[in-house]
Amino acid sequence: DTAVSQTPKYLVTQMGNDKSIKCEQNLGHDTMYWYKQDSKKFLKIMFSYNNKELIINETVPNRFSPKSPDKAHLNLHINSLELGDSAVYFCASSPEPGLGGTQYFGPGTRLLVL
Amino acid sequence: DAKTTQPPSMDCAEGRAANLPCNHSTISGNEYVYWYRQIHSQGPQYIIHGLKNNETNEMASLIITEDRKSSTLILPHATLRDTAVYYCIVTLLRGSNYKLTFGKGTLLTVNP
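Line by line, the protein sequences are chains Z and C. Numbering-wise (my numbering), the first sequence opens with residue 1 and increments by one. Numbering-wise (my numbering), the second sequence opens with residue 1001 and increments by one.
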């Protein structure tokens, strides 16, 4: 079974649309994250949640809204998509609270905004 | 900004040991050295971490110098599937404001 899964794997959409990416982990971890990897391949943290509560928001525009219905799920909703939102988005989870430590990543969602 | 320095690329012959260096001269006493890798089009994968002692697991060995200012990740018998970008990261084990900062990493190419 996949430890950290994301859906969809690919997402192509028009500018201005609203879309969601889902993430689920079956590792029993309390902490989950969203990362963005841009075209230059830099991987940057966006959000971190611990036990359904937001720990950190790394100066991400408020068009991005994470939602954690339970500690196994962390979804990312993006409003009014812009061209610059095109990237690969990775979800991750960790057995340790906070932002450091050992993290387990999902396979990524490739978002293309046209 | 990443607190580590790595060569941008390295080559290794299949079956040989791959030794990936990392400099972290500003590391503080309670910071760990973590290694992750990212195989093309996949999510990053945790490899190993250590504080000051050498560590070994089923994937790799981590050698940290006595002054902790540098480390080496060793893949003892590299295979073609080990071709990936390898990231050396310095971080606290836990802490609400201490994040994994991924730099540019080292692209390791394992050649047949």
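Note that CB positions come from ideal geometry on N, CA and C, so glycine has one too.
Is the CB-CB distance between residue i and residue j below 8 Å?
i, j, result
"C:Glu-1014", "C:Thr-1056", "no"
"C:Tyr-1034", "C:Ile-1089", "yes"
"Z:Met-15", "Z:Ala-92", "no"
"C:Pro-1021", "C:Thr-1072", "yes"
"Z:Leu-111", "Z:Leu-43", "no"
"C:Tyr-1032", "C:Tyr-1087", "no"
"C:Gln-1045", "Z:Pro-107", "no"
"Z:Lys-71", "Z:Lys-52", "yes"
Among the options, which has the Cα closest to the Cα of residue i?
i, options, result
"Z:Thr-109", "Z:Glu-96, Z:Pro-8 and Z:His-73", "Z:Pro-8"
"Z:Leu-114", "Z:Asn-57, Z:Glu-82, Z:Lys-19 and Z:Met-32", "Z:Glu-82"
"Z:Trp-34", "Z:Ser-68, Z:Asn-26, Z:Ile-45 and Z:Val-88", "Z:Ile-45"
"Z:Asn-26", "Z:Glu-53, Z:Leu-112 and Z:Phe-105", "Z:Phe-105"
"C:Glu-1066", "C:Thr-1109, C:Gly-1050 and C:Met-1010", "C:Gly-1050"
"C:Ala-1084", "C:Ser-1009, C:Thr-1004 and C:Lys-1052", "C:Ser-1009"
"C:Ser-1028", "C:Lys-1104, C:Gly-1103, C:Leu-1062 and C:Lys-1052", "C:Lys-1052"
"C:Arg-1081", "C:Thr-1004, C:Asn-1054 and C:His-1040", "C:His-1040"
"C:Ile-1064", "C:Cys-1012, C:Leu-1108, C:Asn-1023 and C:Thr-1109", "C:Asn-1023"
"Z:Pro-144", "Z:Gly-28, Z:Ile-55 and Z:Gly-84", "What is shown of chain Z runs 1 to 114, which leaves residue 144 of chain Z out entirely."
"Z:Ser-5", "Z:Gln-37, Z:Gly-28 and Z:Glu-24", "Z:Glu-24"
Drop a sphere of 10 angstroms on the beta-carbon of residue i, count the other beta-carbons inside from all chains shown, and report buried for 16 or more, exposed for fewer.
i, result
"C:Ala-1017", "exposed"
"Z:Tyr-89", "buried"
"C:His-1077", "exposed"
"C:Thr-1026", "exposed"
"Z:Asn-50", "buried"
"C:Thr-1106", "buried"
"Z:Ala-3", "exposed"
"Z:Thr-59", "exposed"
"Z:Ser-48", "buried"
"C:Glu-1058", "exposed"
Excluding the five sequence neighbours on either side, which residues of its own chain have a C-beta within less than 6 Å of the C-beta of residue i, listed in chain order?
i, result
"Z:Lys-120", "This structure gives no information on residue 120 of chain Z, because the portion of chain Z shown stretches from 1 to 114."
"C:Val-1110", "Cys-1012, Glu-1014, Ala-1078, Leu-1080, Asp-1082 and Thr-1083"
"Z:Ser-68", "Tyr-49, Lys-52 and Leu-74"
Take residue i and list the residues in its own chain whose beta-carbon comes closer than 8 Å to its own, dropping the five residues that flank it on each side.
i, result
"Z:Thr-102", "Ser-94, Pro-95 and Glu-96"
"Z:Ser-39", "Ser-86 and Ala-87"
"C:Lys-1099", "Thr-1091"
"Z:Asp-18", "His-77, Ile-78, Asn-79, Ser-80 and Leu-81"
"Z:Ile-56", "Ile-45, Phe-47, Ser-48 and Leu-99"
With respect to the beta strand (DSSP E) encompassing residue i, which residues constitute its N-terminal and C-terminal limits?
i, result
"C:His-1049", "1045-1050"
"C:His-956", "Past the boundaries of the shown model lies residue 956 of chain C; chain C is included only from 1001 to 1112, so the question cannot be answered."
"Z:Glu-53", "53-57"
"C:Val-1110", "1106-1111"
"C:Val-1033", "1032-1038"
"C:Ala-1013", "1009-1013"
"Z:Arg-110", "109-113"
Excluding the 5 residues flanking residue i on each side, which residues of the same chain have their C-beta closer than 7 Å to its C-beta?
i, result
"Z:Arg-63", "Ile-78, Asn-79 and Ser-80"
"C:Ser-1070", "Pro-1021, Cys-1022, Asn-1023 and His-1024"
"C:Thr-1004", "Cys-1022, Asn-1023, His-1024, Cys-1088, Ile-1089, Val-1090 and Gly-1103"
"C:Asn-1019", "Thr-1072 and Ile-1074"
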